[in-house]
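These protein sequence lines map, in sequence, to chains A and B. Final position of the first sequence in the UniProt record's numbering is 688; the numbers increase by one with none missing. Final position of the second sequence in the UniProt record's numbering is 688; the numbers increase by one with none missing. Structure first, commentary second.
Protein chains: 2
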Amino acid sequence: MKYLLVLLFAGLTSSAQIQKEQLNLMPWPQSVVINDGNFTLTKNFKVNITGNPNPRIFGGVTRFLRRLDGRTGMFFSQGFITKLNEVPAAELQINCTKSGKIALYEDESYHLDVKQNKITINATSDLGALHGLETLLQLLQNNNTSFYFPNSQISDLPRFTWRGLMIDASRHFQPVDVIKRNIDGLAAMKMNVFHWHLVDDQGWRIEMKKHPKLIEVASDGLYYTQEEIKNIVKYADERGILIVPEIDVPGHGSSILTAYPEIGSKVITLTGGTSEKNIQGTAIATYGIERNAGIFSPTLDPSNPKTYQILSELFDEVCPLFPGAYFHIGGDENEGKDWDANPKIQEFKKKHNLKTNHELQTYFTMQLAPMLKKHGKQLMGWEEILTKDLSKEAIVHSWRGANEGMAAGQSLVDAVKKGYKTVLSNGYYIDLMYPVESHYLNDPMPKGAVLTAEEKARILGGEATMWTELASETTIDSRVWPRTAAIAERLWSAEDITDVSNMRKRLDVVSFRLEELGLTHIRNKAVILRNIANNQDISLLNEFSNVCEPLKGYTRNKGGTEYQMYSPLTLFADACTPDAKDALTFNEAVTQYVANKTPENKAKVTSFLTKWISVNKGLNELSANAPLVQSFLPLSKKLSDASEQVLLVLDNKSTLKSEDLKKLIEDCNTKEYADVELAVYAGLKKLI
Amino acid sequence: MKYLLVLLFAGLTSSAQIQKEQLNLMPWPQSVVINDGNFTLTKNFKVNITGNPNPRIFGGVTRFLRRLDGRTGMFFSQGFITKLNEVPAAELQINCTKSGKIALYEDESYHLDVKQNKITINATSDLGALHGLETLLQLLQNNNTSFYFPNSQISDLPRFTWRGLMIDASRHFQPVDVIKRNIDGLAAMKMNVFHWHLVDDQGWRIEMKKHPKLIEVASDGLYYTQEEIKNIVKYADERGILIVPEIDVPGHGSSILTAYPEIGSKVITLTGGTSEKNIQGTAIATYGIERNAGIFSPTLDPSNPKTYQILSELFDEVCPLFPGAYFHIGGDENEGKDWDANPKIQEFKKKHNLKTNHELQTYFTMQLAPMLKKHGKQLMGWEEILTKDLSKEAIVHSWRGANEGMAAGQSLVDAVKKGYKTVLSNGYYIDLMYPVESHYLNDPMPKGAVLTAEEKARILGGEATMWTELASETTIDSRVWPRTAAIAERLWSAEDITDVSNMRKRLDVVSFRLEELGLTHIRNKAVILRNIANNQDISLLNEFSNVCEPLKGYTRNKGGTEYQMYSPLTLFADACTPDAKDALTFNEAVTQYVANKTPENKAKVTSFLTKWISVNKGLNELSANAPLVQSFLPLSKKLSDASEQVLLVLDNKSTLKSEDLKKLIEDCNTKEYADVELAVYAGLKKLI
């Protein structure tokens, strides 16, 4: 407590006027005006709430106070806030006109006004006020001894109403605390939808009381109890987040069919003397939980009334857990292999005049719509559900692109032109380890297409998708954050906020601040590196990880069979992330040097090269007692070898033939080691 | 996968024979024999289970496999183990005679036999087998390319049957994931009791369906649902851990009395014309959740039948959640202030011939015994419950010592001599930030006292106690671990295993390995330091934290009022831990140098001194943009000033007067800054 006095007095000194460009706000607000002067924080800082907000505001303000106290060490005296108008004279006044509903199209706007002695947040609903508090936290500045908010006026509201993150809890189960801290991350980034992918080939993750077999045989004991789900729904509600659950059908059906093989589509060909045609048709295949990654054939039988009976019962139990208005039924990647091979299903198609498997799937989908409607839910599905007979109430989730042999975002344009509402995920596949820039510049509003105002209005927003073939509870945060914050800005901020380098600068600070929510995207890197280093010093490993990135796209897990769902995700690639920190700085230094060969610019480049040579030496020493280091030593050597030669080139001392030099650099473009690639290859190439 | 081939071939190379002293086993087994040769791990490693174990073995073996795979990156093909005798030819064979019961006195022994091509674990029960698997994990060795277990025979069983950790979830609520990961830590250290302190002045933490007021008004919304409790009990059972719940009565009653003031002991003196003596006696005081730390007067009224009615109803709801045979009713620190001031209670004492408040408390305690017995529970309480009329079935929890003006462990001797079973916690108060050595050398078996074999048998074991006045969910792991592992060894291993420096060497490795269980004791330090550094580089801060320790005993939170339960625990003292890493090394270097003034020994010392001078410079630079650094800059300066002069002294170049030099060193013995002290003071002092 003794040092508080220091802070209190120091708080009275003046601070240099801050410029708008220095602020690290994200998503960037619609309007920011900075005025002269500051509001300086003291121990006596208090908050008061007025109006008619939803009670979620109390917890929200209490959490705000604790986070501000944690950052500043102020020892605020205000504890838990539980009532309206508790401290009428408080420095921070929050007023909300009405209780916010957790739904689309809700008014999320807020006005934040910071003056010398008073801060006000005015919002229509508590949802807007919560956003205002996040902005205020991001406004926090400091000099050497005190913390303050710059006097300012901020008016803000989102560009899109659907700003989501999907987490796949099937392929790698993600425990309750992972979900909760990521919901906190969403709220901090003013996102409002958490799409919970709960069922896939690799496991059913919802406790079912009337169908206990699903968790008994198809979950490996890894599932959310109904109480945990309700608890998470409440947690999300308190943070202004809508939860959209997903049960993926009719494809991705391995886990459902492990419990209920009788509603599967697979035909068993009976062999031997007793086989008869009519027996073939009714024989039941068995299924197992899938351990690999990929697209698999287990698919529900759309011709079997029992399929709809079971699904209806499942929805009857699952829907009431989720008060939100949307239910995602998946519908993706059904290749129809088992349908084609099943004579009963072929007969059914003929009888119902369904020409293609797509039409059959639409028939299936449309059976589900009333089951969901009964519970007040609108159906949502991946873009494959979009066929001519689909109800206009369904929401189309656009996801396919070049990887799937489609034009990126084409389904989004198709959908809105046909009168469907849509959400974009193509371009937001954060599990694929692409750089943040690619997601940031991916706008839900298609650039090429000519759309009417009505059609544009059907584009609800976008959703980052975190599939978990290669993400465990230890690594998932580092795959989600900080890149999802940049997607949040794309979905919230004005269309013309697209300066990548400015975004990167702000993202660095935002990423740091996300730690206070318990997110592990920064801290867990050291955990993985310590394991690799076998408890030796990790600083050199860390240096090397700062120039390596996990393989991108679907290249790390070839054929989906290199990694089973229980394979170790404790390897070097799991410690590395996209946007490798030093790679960015190095590549920029190279660009500067190539443009202007000053000694200073040269020194910046050579300091990296000499570092990498010594990192390689160090890793070799480390490997004497760390077998896991062996896998990337050849890569480190390639970087070291190239660096040595490039240093000579820069001093005009290289004696190597041009083609040998080229080959040394090209060797750095390998993807053969430890599932990572060197992110400095492009920079190195420019130097020769 | 590509690097697996490297490992597979490398695995065939031979490894140097390991010595027993090189093993990092903890707790050290009763018998260890190392033989020639090794069992080298390959991708094909598999486990088989036979006998009649409890099904908890399946999850235990599956977790074992995943941890081993995570350490080695082997990509084992065996997934989830769910059946007996699944792989009869597996390299690791586990046999258990019977299903282990989660109770005291259960057979926890195991025999582990590692041979060139075969490993066997034989145990009476699965509990022993789980211990054997932990030992096997600790046996893991490696050379530069492969992992192996040294051929060996280990026979092992615990010295004490009660090896516990208590976590206080009242003062700072500790979420489910904190409890779970600490239970994993206990299991890894072969501990078997988790004592869950669920109720205290600062909050009631159990969802109550028949008495919802307790969570509505006395929990701040921070509590465990009954399902969460059941889920944790199951989690603990699967790991061989008995849970002992605690509801602390009749003192520490603020939270209970916030909900039910009518059963409190406090007398309200009504003032004004209408006050009458008989009204005074029945007036009800109001209570509130306590925000400070300390001993408070709110106490249940032992003369009020309603007290017993409510307690009986509470036990009826709470007992069934915990299948274990023990229930802790607290009973500590009741100062009787409100009892003395309450005429009705004084009358009650006279009527029942209870001479002292202690006798009155025993009367109270003995009313609870049948309430618990009804649910098959034995009563346990802190040592204050020990008075002449206490039932011999009660277990006495010995905790007081010098801090409380008592002889350390005296109550333990008293208890066993009077025929009570006891558990020792005095000397195991890990929240007080004492060095690991002090806990490690504290044996439950008292050295001075002469005890019969029967009396000795009543000493069940010991329990580390983690009170949370100053521990949040972010910092608690670093207060519990790794020191609790040393306590685990005291309680498991032979009495003569007391070599502190050998323990420290092993503890370092054990601490590192505990990370794989999700424990955050290492990783969260950087989180706190990043916040202090305001997102600047933390390496110098880290260096300084390696010579600082949080203030010990009860000195950090003076009067219990400096820190409220919602004050920030994000400060420098929260990043620091006992047994400061560099302090130990420095003090050893000094001892060596003083004994033998070689240039090498001198260099070891001076490298620290010069480092601290530059750390101080760096911290000053850091502080320009990090207000939280200010609080410990004066301390860093003192260390730097002393280091500068000591460097001169070592070179015989000091021109300072002896008393000025002494003062510089003594200045390093301050406790005035940032709630930490310099752990290198003793070493510095020896150098002048």
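Beta carbons are placed, not taken as given, at the ideal position from N, Cα and C, and that holds for glycine.
With the cut-off set at 9 Å, would you say residue i and residue j are in Cβ contact?
{"i": "B/Thr475", "j": "B/Asn524", "result": "yes"}
{"i": "A/Val249", "j": "A/His195", "result": "no"}
{"i": "B/Thr610", "j": "B/Ser643", "result": "yes"}
{"i": "B/Ile522", "j": "A/Arg530", "result": "yes"}
{"i": "B/Leu198", "j": "B/Ile263", "result": "no"}
{"i": "A/Gln116", "j": "A/Asn38", "result": "yes"}
{"i": "B/Ile102", "j": "B/Pro323", "result": "yes"}
{"i": "A/Leu137", "j": "A/Ala188", "result": "yes"}
{"i": "B/Leu540", "j": "A/Gly73", "result": "no"}
{"i": "A/Tyr440", "j": "A/Val500", "result": "yes"}
{"i": "B/Ser398", "j": "B/Ser425", "result": "yes"}
{"i": "B/Lys190", "j": "B/Glu106", "result": "no"}
{"i": "B/Thr422", "j": "B/Leu460", "result": "yes"}
{"i": "A/Phe632", "j": "A/Ala674", "result": "yes"}
So residue i contacts chain B; which residues on that side make the cut at Cβ distance below 7 Å?
{"i": "A/Leu571", "result": "Gly73"}
{"i": "A/Ser623", "result": "Asn144"}
Given that residue i touches chain A, what residues does it touch there, using C-beta distances under 7 Å?
{"i": "B/Val249", "result": "Residues of chain A passing the Cβ test: none, with the nearest at roughly 25 Å."}
{"i": "B/Arg490", "result": "Neighbours of B/Arg490 on chain A: none; closest Cβ ~24 Å, over 7 Å."}
{"i": "B/Asp220", "result": "Phe80"}
Work out the CA separation of residue j and residue i for me, nearest whole Å.
{"i": "A/Lys671", "j": "B/Ile528", "result": "36 Å"}
{"i": "B/Leu470", "j": "B/Asp332", "result": "20 Å"}
{"i": "A/Asp220", "j": "A/Gly203", "result": "8 Å"}
{"i": "B/Gly281", "j": "B/Lys266", "result": "Here B/Gly281 scores only 48 on pLDDT, less than 50, and its place in the model is too uncertain to base an answer on."}
{"i": "B/Gln309", "j": "B/Gly251", "result": "17 Å"}
{"i": "B/Thr561", "j": "B/Thr555", "result": "12 Å"}
{"i": "B/Phe512", "j": "B/Lys581", "result": "14 Å"}
{"i": "B/Thr42", "j": "B/Phe149", "result": "11 Å"}
{"i": "B/Glu313", "j": "B/Ala236", "result": "26 Å"}
{"i": "B/Thr299", "j": "B/Ser254", "result": "7 Å"}
{"i": "A/Glu677", "j": "A/Glu549", "result": "5 Å"}
{"i": "B/Gly330", "j": "B/Gln361", "result": "12 Å"}
{"i": "A/Asp340", "j": "A/Cys319", "result": "32 Å"}
{"i": "B/Ser275", "j": "A/His111", "result": "Here the model assigns B/Ser275 a pLDDT of 49, short of 50, so the residue's position is not dependable, and the following value carries that caveat. In a straight line, the C-alpha of B/Ser275 is about 54 Å away from that of A/His111."}
Pull up the DSSP beta-bridge partners for residue i, would you.
{"i": "B/Ser614", "result": "Per DSSP, none; premise fails for B/Ser614."}
{"i": "A/Asn515", "result": "Before going on, a small fix: residue 515 of chain A reads as Glu here, not Asn. For A/Glu515, which the question treats as bridged, DSSP gives no partner whatsoever."}
{"i": "A/Cys96", "result": "A/Gly51, A/Ala123"}
{"i": "B/Asn142", "result": "B/Phe147"}
{"i": "B/Leu165", "result": "B/Phe194, B/Ala464"}
{"i": "B/Trp204", "result": "B/Val199"}
{"i": "B/Thr40", "result": "B/Tyr148"}
{"i": "B/Asp675", "result": "DSSP lists no partner for B/Asp675."}
Starting from residue i, find everything on chain A with Cβ-Cβ shorter than 8 Å and list it in chain order.
{"i": "B/Thr225", "result": "Glu227, Asn231"}
{"i": "B/Val515", "result": "First, the amino acid is wrong: residue 515 of chain B is Glu here, not Val. The answer, in chain order, is Val527, Arg530, Asn531."}
{"i": "B/Asp177", "result": "Pro175, Val176, Asp177"}
Cβ closer than 9 Å: which chain B residues qualify as neighbours of residue i?
{"i": "A/Tyr566", "result": "Thr62, Leu65, Arg66, Asp69, Phe76, Gln78, Gly79, Phe80"}
{"i": "A/Asn524", "result": "Arg523"}
Using a cut-off of 8 Å between C-beta atoms, extract the partners of residue i located in chain B.
{"i": "A/Phe512", "result": "Arg530, Asn535"}
Members of the stretch 143-163 of chain A near chain B, C-beta cut-off 9 Å: Asn143, Asn144, Thr145, Ser146, Phe147
Chain B contacts made by the stretch 44-66 of chain A, where a contact means CB separation under 7 Å: Those residues of the stretch 44-66 of chain A that come within reach of chain B (Cβ to Cβ, closer than 7 Å) are Arg66.
Chain-ordered residues of the stretch 626-649 of chain B with a beta carbon less than 7 Å from chain A: Pro627, Leu628, Gln630, Ser631
Members of the stretch 190-220 of chain B that neighbour chain A once the beta carbon cut-off is set at 7 Å: Asp220
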